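Quick note: the sequence shown uses my numbering, first residue 207, plus one each step. We treat Cβ as the ideally placed atom computed from N, Cα and C, and that holds for glycine. A quick note: this is a predicted structure, and the numbers were derived from the prediction, not measured.
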Amino acid sequence: MEVRFRQAFLDRLETDPEYDHGFPASVVTAYRKRMQTIRAAPDERVFYAQKSLHFEKLKGKRDHQRSMRLNDQWRLVLELGGKPPDKLVMLVDIENYH
């Protein structure tokens, strides 16, 4: 899938091994693993098939976004784009859901 970043820190977090943007090491490690999964996926159906990702559509004002679990507390928020099945992933943010 094609990946784009809404915020520059998300790109740097994936590529710079010394950079953590203030996140715990476990979150950074999980983020980098999720990025490998996202880049290797042919489309979003892979995310739904892997139950451990907890790939979910958000509700309300954010119903155009999806989230993917990094750990029990942190989620990767993203938007899907392109024609179905979606081929573009826009990474929005990493958020604390607790």
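Taking the beta carbon of residue i as the centre, do at least 16 other beta carbons fall within 10 Å, making it buried, or is it exposed?
i, result
"S258", "exposed"
"E208", "exposed"
"R240", "buried"
Does the beta-carbon distance from residue i to residue j come in below 9 Å?
i, j, result
"E262", "R251", "no"
"L294", "G287", "yes"
"Q256", "T235", "no"
Taking 7 Å as the limit between beta carbons, can you name the residues of its chain near residue i, skipping five residues before and five after?
i, result
"H270", "E285"
"L264", "Q271, R272 and S273"
"H304", "Q279"
"R245", "M207 and V209"
"Q213", "D299"
Only counting the same chain, and skipping five residues up and downstream in sequence, which positions put a Cβ closer than 8 Å to that of residue i?
i, result
"F229", "L219, Y237, W280 and I300"
"F211", "D217, M296 and L297"
"P223", "none"
Just checking: is the beta-carbon of residue i within a distance shorter than 9 Å of some beta-carbon in chain C?
i, result
"M241", "No chain C appears in this structure, which consists of one protein chain only."
Quick one: what's residue i bridged to in DSSP?
i, result
"S273", "E262 and V283"
"I300", "L282"
"R210", "M296"
For residue i, which residues of its own chain have a beta-carbon under 6 Å away from its beta-carbon, when the five flanking residues on both sides are left out?
i, result
"V233", "L276 and W280"
"H227", "F215 and L219"
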